[in-house]
Amino acid sequence: MKKTTPAADFARGLWRENPVLIQMLGLCPTLAVTNTVANSIAMSLATLFVLVASSFLVSSVKRLVPNQVRISTYVLIIATFVTIADLSLEALVPTIHKALGAFVPLIVVNCIILGRQEAFASRNPVGRSVLDALGMGIGFTLTLLLMGGIREVLGNGSLLGFRLFGPRYEPWIIMILPPGGFLTLGFILLTYAWWRGRAAAAARTRELAARTRAPAAAAARAKAVS
Amino acid sequence: MSELFWILLSAMVINNFTLTLFLGLCPFMGVSSRVATGLRMGAANIFVLVLTSISAWVLNTYVLADAPYLRLISFIVVIASLVQIVEMTIKKVSPTLFRELGIYLPLITTNCAILGLAIFQTSRGYGFLQGFAFALGAGLGLTLALVLMASIREQTELADVPAIARGTALVLIIAGSLSLAFMGFAGLLSAG
Amino acid sequence: MSPGSVHGPGAPAPPDEPRTPAWRLLATLGSGGALAGLLLVVVYQLTLPRIEAHKAEALQQAIEEVLHDPARFDTLYLNAGQLTRELPAGADPRALERVYLGYDDAETPVGFAITAAEPGFQDVIRLIFGFDPKTGALLGMKVLETKETPGLGDKIEKDSAFVSQFTGVAAPLQGVKKGAGKGKPGEVDLITGATISSRTVVRAINRALERWRPALAAYRERRP
Amino acid sequence: MIGRNGFRHGVHPPERKELTSAVPIRRMPFPDEVVLPVRQHTGKPARIIVRRGERVERGDTLALADGFISSPVHASASGTVADIDWWPHPDGTSALAIRIAVDRYSPQVPRPRLVPAWNGLAPAEVVRAVQEAGVVGLGGAAFPTHVKLAPPKDQPVELILVNGAECEPYLTTDHRIMVEYPQRVHFGIRIMMHALGVQRAVIGVEKNKPDAIERLRETKPADLDVSVLPLRVKYPQGAEKMLIRSVLGREVPSGKLPSSVGVVVQNAGSVACLAEVFETGLPLVERIVTVTGEGVRRPANLIVPVGTKVGDAIRYCGGLTEDAAEIVFGGPMMGISQATLDTPIVKGTTGVLVLTRAQVPSRRVYPCIHCGRCLDACPVFLNPALLGQLARKGRYREMEAAHLADCMLCASCSYVCPSNIPLAQLFQAAKVGLRRQKASAA
Amino acid sequence: MTTPLQVAAAPHLKGEMTTPRIMWGAVGSLVPVVAAATWFFGPSALLVVGSSTLGAVTTERLLGPPGALGDGSAMITGMLLGLTLPAGIPLWMAFLGSVFGIALGKVIFGGLGFNVFNPALLGRAFLQASFPVAITTWPGRPESWAALRGDNFAFPFASPQPDVITEATPLGLRKFEGADTPLWDLVTGSTGGSLGETAGIVILLCGAYLAARNYLNWRTPVSLLATTAVLSGALHLLDAARYPPPLFMLFSGGLLLGAVFMATDPVTSPVTNRGRWIFGAGIAALVVVIRVWGGLPEGVMYAILLMNALVPFINRATQPRVFGTRLAQAAT
Ligand SMILES: Cc1cc2nc3c(=O)[nH]c(=O)nc-3n(C[C@H](O)[C@H](O)[C@H](O)COP(=O)(O)O)c2cc1C
Ligand SMILES: Cc1cc2nc3c(=O)[nH]c(=O)nc-3n(C[C@H](O)[C@H](O)[C@H](O)COP(=O)(O)O)c2cc1C
Ligand SMILES: Cc1cc2nc3c(=O)[nH]c(=O)nc-3n(C[C@H](O)[C@H](O)[C@H](O)COP(=O)(O)O)c2cc1C
Ligand SMILES: Cc1cc2nc3c(=O)[nH]c(=O)nc-3n(C[C@H](O)[C@H](O)[C@H](O)CO)c2cc1C
Ligand code: SF4
Ligand code: SF4
Ligand code: SF4
Ligand code: SF4
Ligand code: FES
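Line by line, the protein sequences give chains G, L, F, P and E. All letters in the first sequence, in the order written, are residues 0 to 225 by numbering that gives the first Met the number 0. All letters in the second sequence, in the order written, are residues 0 to 191 by numbering that gives the first Met the number 0. All letters in the third sequence, in the order written, are residues 0 to 223 by numbering that gives the first Met the number 0. All letters in the fourth sequence, in the order written, are residues 0 to 441 by numbering that gives the first Met the number 0. All letters in the fifth sequence, in the order written, are residues 0 to 331 by numbering that gives the first Met the number 0.
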């Protein structure tokens, strides 16, 4: 793996390799628990905890673990941390634990976590692994917050429980129902692709402008494009 | 009987694992571009789900009664090992079947539909038969969603889908529409 | 996304460590498992009291609500068609169905709290209700778990006008469209727009009562 | 045994035959130049044996058949070989062609009897004579006739089916031949029966040509087992698989030839031509074409020397009208539109159709709306909607699996498609693309 | 002879039917249905249909391929969506439903011809899942024809004011109160319901016109209506008290509108004739199941959407047998 800076290790997961939006991993929790912001926060914090803790441990013990039982060991480690997170949530915030339902235990099989162990923590030093896990976890958190935000605002007219639009707002209940999960993520991806398409078009125009050395004309064209 | 039927129907269409509970989305997104693949994946899923339901019931009844905190670990370990054993058996006994279904087994082992089934079954306190109906319904529902999605995706390959929607975004919108359509089954058999 | 890319079986193994003795594999897994188990036991023990407390509190709250703040309550187990206060020897309490019997300050029983469940519009609705066998009337009802549509079906939980009807109404209940009641005892107005969910509540209570009535009656007779 | 089931599906385009159906066949004067492509038939192009500047008489061989599935080319007029070069071909491409500057005042008398008299010839000798006379099918595909007269031994022919359907709108060539030369049709059948050793023949004629049916019946020789069968007016009744289905109620298996069900199908004009060749002793050097359409001033049925440039034929018919817009070789359903008036009329040219501007509006193509009309039109029960979508995406292999090979490019599907999707055109391109893909894979 | 020659591919003749003609023909035959809705429900009907049509057309114009409005299909989507809504629904909801239906039900698949789900029904399903109360509030009939029914002019994104008088639909009455509506009322349309569902006779006449002009394939509605009649007839024979009679099934709810205008959408129904028979029968079976055993009183919309999802499958299963292949198969 190419040497990167710590900042890059951390930043990777936030956007460029965002686990949900770019890598399409961990879709189940992303869709299932994001009908309110509070649930999104709890879920992503639990995931973040499991991810960072597992990365730390996996990276620390990577030399001790024979290759053949690598995966089994990782799963064992992850399952342990997930159970801890599950029990802690149940003890501390029982209402949210109830709302998340089976999805906390299901963090065990979240593709992001095992994926990072395989792809990163098992090959890199502890510090970098933790940074990577933090980045990925925060990237996951941001996505869940975005999803939860959109769904709660439209679906309930509130954010974190606070009414935003007053009592006359007619909530779009679909947004907190299952179809709303699919549609919201689809819509986010569409917006992202549209934005990228525009950025690419703008870049092409700039390049063209530089090459033709006709700044004025190209600027006019760029304006027309955007 | 009618309770078992309702459990099966509920897991299959009313609370479809994929379209309303969001379980097993990764195979749903990843393996739903061809109907033939989707069918095989679905069949493999039904098989593993039933196996899971049985093992979870055994574990819950005989092993885990006093150590609920080991539930997750033991589910994972037992399911993974069972699937592995089955996989090896199939490979030995019927190489054809292995080619058709076997290659999907390791992919399924650790997906959340499987673990989710075990967890739901536990938290709802299903007995053996109830668990079996639940697993069968979940598997059939998963297959239904997978195959519908695959056939629609094959169709959209021939469409002039705008560039920004190609790929996952379109699949999600289709899934949302399917999920919307499946809402028609809500309340089935419970209105009487 | 490439299937199998993040899960073990599909991932290519790094080429180092060509041969590891079996005992090392077992030892690694064994010690890992042992450590994990140990850790979990510790966390479990640490969190258990709070979790149990939450659960007990939730139960207590529900019972207090449907039995209107009894002084205390007993858990009665159904064993071989009989309600017993004491666990039969060797029986696993988790396997037995139960009801709760509340008492007022004078140690007079005020009624039973009974849980019930029926499939509603989306999924199973779970609820608990208080029932007084002496008057044959309900004491109250509380929904424990529902996945009904927010804004519609969840009114069975949130609509106080609906919930309050279950206090004092005579069993068996009869769900009627709002305003269509004929003033008969046992009538409960259903919720417009959530007819199914509200009717499920009525049905769940009726079915539970039908099932429990013999045992409840028998228990009352045997009481000193 | 003869069933009148008809075939299923198909379309009913307006017939427009009245423009020429009553116009007697007329000989056109020799033009100043004829252009004879070496590729006027299905199979290998003919091998040229003349040089520039050489003098040739009408009926002389200019190019020899190159193998069995090939056909020679004969001079259709006396004159000098002016040039041998690439020239626009009716199929839209260019092909090597021999241009002959026609002798202005030549009587155009051929050399005596280049083709032997038929009686007394053994079947194999008939086949050779037919090949040497350059006779090919005149129904459009220009398949060498002698090949059909020598079918594989394991597929015995029981019946000769003469195709007098002429289902394409506008065209009246076969119609006029059957009305004016019915004896020739019967004589041609007699020759074919002899060559094939077959006793029975059926002439299928669409019911919109009652005069042809009547004339054929009147003139039937008593010793010949020929029956004339009126057919429903429906396009593509003349496609050989449809014709066989209509006449015999049999389906030619997918990918097989008519001989697999014991039938040889020959166009009525080809049969008459066969007779003419043996009657006159002159090889195939002229043919009958309908020059028609609203874009021609005086539509007619003409005998023209093979190789006549279409411009010359049209000029003879009074020229183009002001609003003429498109010149089509063949009928409106399957014909090929021509970019130039210099394209020669060849052996396989059944007609020249000139359409006006009002008839060929530019049509906006809409996406397929899955209305299913094309499925209801396709006489071979393909799914043109699916094939069209696959074609747009270049997925030729899947088209192959969807029986692209069975498509006969009849364009019934394109005709009915409300979205104006050029289905048949897409399928033709796909067939070419598929062949290329396979060639490059091999 | 200097005329420039045009070169085009065969065929050089074309049939009369064009896609815009089919679509505008459907628009034209929806006009009487809208008129009937206005007759029954007053100016609210025009407002609601107008708003949803405006939403559809605007979205198609902004997001769709250039010139897509000329084919008329967006207009149909908008009008049909409007006809499936109650008269009192806020106009902003009708508009939003069309925007959703066209944007995520049609444009995203590539526009006309490529969509899998019926855009009008997808828009309605979206509205029903979003605003289940507003979309099942059937305002009663005020004394004056010209009065608005319900809060059509609710401020965008705000809830409608609760309507004073509401009435139940025949299906709702049947399902939740076990009450029957006289058949005569159903046929004459003097019942509650969506704008387009009470005008049964008009819908049938328009459908007959469309079928006669070959704008729609008659097999789908015939199969749908016949299967509904047979299935509900069988149930009714089993237990006349529990299961409604076939004529009630046919004339209540959106069955006729769905059968004539929605199940027949060429784009989202099978392309083969055999497929159309299956499609219609499948919708009918689902409608009967949902109406009889489901939680919702009406199931036409969901039934059509569910069968839409099966269309690729039906198409695949009902490919015609290619000419000359039966013999080939027999030989091998
Ligand atoms: C998206 C959606 C969600 C629904 N959720 C519920 C629900 O949670 N509970 C319920 O009883 N009915 C629910 N329904 C069904 C209808 O609101 C209700 O059964 C029907 O309109 C009967 O109306 P009524 O109660 O006014 O007679 C739902 C319908 C839709 C479209
Ligand atoms: C769509 C289609 C329509 C055809 N219609 C006719 C027709 O009307 N008359 C005809 O003689 N040949 C027609 N043909 C050609 C016949 O299939 C067959 O090739 C021909 O009759 C054989 O005779 P020939 O070799 O003498 O040309 C048609 C072919 C196709 C593909
Ligand atoms: C009420 C009505 C309105 C119409 N509006 C339009 C229109 O706005 N744009 C249009 O292209 N065709 C419209 N048409 C259809 C045209 O009359 C004509 O049928 C169609 O454009 C034919 O298209 P083509 O020329 O591409 O074959 C309308 C038809 C009717 C009945
Ligand atoms: C007979 C007929 C019925 C139609 N039905 C619908 C419909 O139910 N919903 C709709 O959105 N469009 C309908 N359309 C219009 C068009 O086919 C539809 O918008 C396409 O689905 C868009 O690709 C119909 C068109 C015709 C000709
Ligand atoms: S098995 Fe894992 S990687 Fe493969 S599709 Fe399922 S979740 Fe994704
Ligand atoms: S398609 Fe034309 S050339 Fe062919 S048979 Fe019919 S009329 Fe003759
Ligand atoms: S062109 Fe081909 S696909 Fe079209 S109708 Fe003719 S045979 Fe069928
Ligand atoms: S006729 Fe045209 S629009 Fe209709 S299904 Fe065929 S290709 Fe599609
Ligand atoms: S997160 Fe559910 S299958 Fe991957």
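Heads up, the beta-carbon is just placed ideally off N, CA and C, and yes, glycines get one too.
Asked	Found
Evaluate the contact criterion for the segment 265-273 of chain E versus the segment 305-320 of chain E: three or more CB pairs, one atom per stretch, below 8 Å.	yes
Run through DSSP, which three-state label would residue 124/P get?	helix
Sorry if obvious, but does the Cβ on residue 491/P come closer than 6 Å to a heavy atom of ligand 7?	Examination of residue 491/P is not possible in this model, given that chain P is present from 0 through 441 alone.
Hey, how far is the Cα of residue 329/P from the Cα of residue 111/E?	35 Å
Mind checking if residue 116/E is an interface residue toward chain L, Cβ cutoff 7 Å exclusive?	yes
So is the beta-carbon of residue 160/F under 6 Å away from any non-hydrogen atom of ligand 4?	no
Considering only the beta carbon of each residue, do residue 118/E and residue 331/P sit closer than 7 Å?	no
Under the rule that 16 or more other beta-carbon atoms within 10 Å means buried, what is residue 142/L, buried or exposed?	buried
Is there a Cβ of chain G sitting closer than 7 Å to that of residue 183/L, yes or no?	no
DSSP state of residue 11/G, grouped into three classes?	helix
If you measure between the beta carbons of residue 169/G and residue 158/E, is that distance less than 7 Å?	yes
Please confirm if residue 23/G has its CB atom under 7 Å from at least one CB of chain L.	yes
Does the beta carbon of residue 39/P fall short of 6 Å from some heavy atom of ligand 2?	no
Could you tell me if residue 300/P is buried or exposed, where buried requires 16 or more neighbouring beta carbons within 10 angstroms of its beta carbon?	buried
Can you tell me whether residue 0/F is helix, strand or coil according to DSSP?	Bear in mind that a pLDDT of 36 at residue 0/F, under 50, signals an unreliable position, so the number given afterwards is only what the model happens to contain. DSSP places residue 0/F in coil when its eight states are reduced to three.
Where does residue 0/G fall in DSSP's three states?	The pLDDT assigned to residue 0/G is 48, lower than 50, so where the model puts this residue is not dependable, and the model offers no usable value.
Taking 6 Å as the line, does the beta carbon of residue 407/P fall inside it for any heavy atom of ligand 2?	yes
Between which two residues does the alpha helix (DSSP H) carrying residue 212/P extend?	209-217
Just to make sure I have the definition right: I need the residues of chain L whose C-beta is within less than 8 Å of the C-beta of residue 35/F. Which are they?	72
How far does the alpha helix (DSSP H) with residue 340/E in it extend, from its first residue to its last?	This structure leaves residue 340/E out entirely; chain E is present only between 0 and 331.
When every heavy atom of ligand 4 is checked, does at least one fall within less than 6 Å of the C-beta of residue 75/E?	yes
Taking 6 Å as the cut-off, is the C-beta of residue 72/E nearer than that to any heavy atom in ligand 8?	no
If residue 13/G and residue 171/L are in contact, beta carbons under 8 Å, what's the gap, nearest whole angstrom?	Their Cβ separation, rounded to whole angstroms, is 22 Å, which puts residue 13/G and residue 171/L out of contact at 8 Å.
Does chain E have any CB closer than 7 Å to the CB of residue 269/L?	Outside the displayed span of chain L (0 to 191) sits residue 269/L, for which this structure offers no information.
Along the segment 291-309 of chain E, where does the CB come closer than 8 Å to a CB of chain A? Name the residues.	Protein chains G, L, F, P and E are contained in the structure displayed, whereas chain A is not.
By the criterion of Cβ-Cβ separation under 8 Å, what are the contact partners of residue 120/F in chain L?	185, 186 and 189
Per DSSP, residue 28/G forms a beta bridge with which residues?	Answer is none; residue 28/G lacks a bridge partner.
Three Cβ pairs or more, each shorter than 8 Å: is that satisfied between the segment 54-62 of chain P and the segment 210-218 of chain P?	no
From the DSSP output, in three-state form, read off residue 35/P for me.	strand
Between residue 411/P and ligand 7, is the CB less than 6 Å from at least one heavy atom?	yes
Name, please, each residue of chain E whose Cβ falls closer than 7 Å to the Cβ of residue 338/P.	4 and 6
Mind checking whether residue 65/F and residue 141/F have CB atoms under 7 Å apart?	yes
Compare the Cα-Cα distances from residue 26/L to each of 154/L, 95/L, 149/L and 181/L and report the closest residue.	149/L
Can you give me the C-alpha to C-alpha distance between residue 330/E and residue 96/E, rounded to a whole angstrom?	Confidence at residue 330/E is low in this model, with a pLDDT of 43, below 50, so its placement is unreliable and the value that follows should be read with caution. Rounded to the nearest angstrom, the two C-alpha atoms are 55 Å apart.
Taking the continuous beta strand (DSSP E) assigned at residue 26/P, which residues delimit it?	24-26
From the DSSP secondary-structure annotation, give me the bridge partner or partners of residue 68/P.	DSSP lists no partner for residue 68/P.
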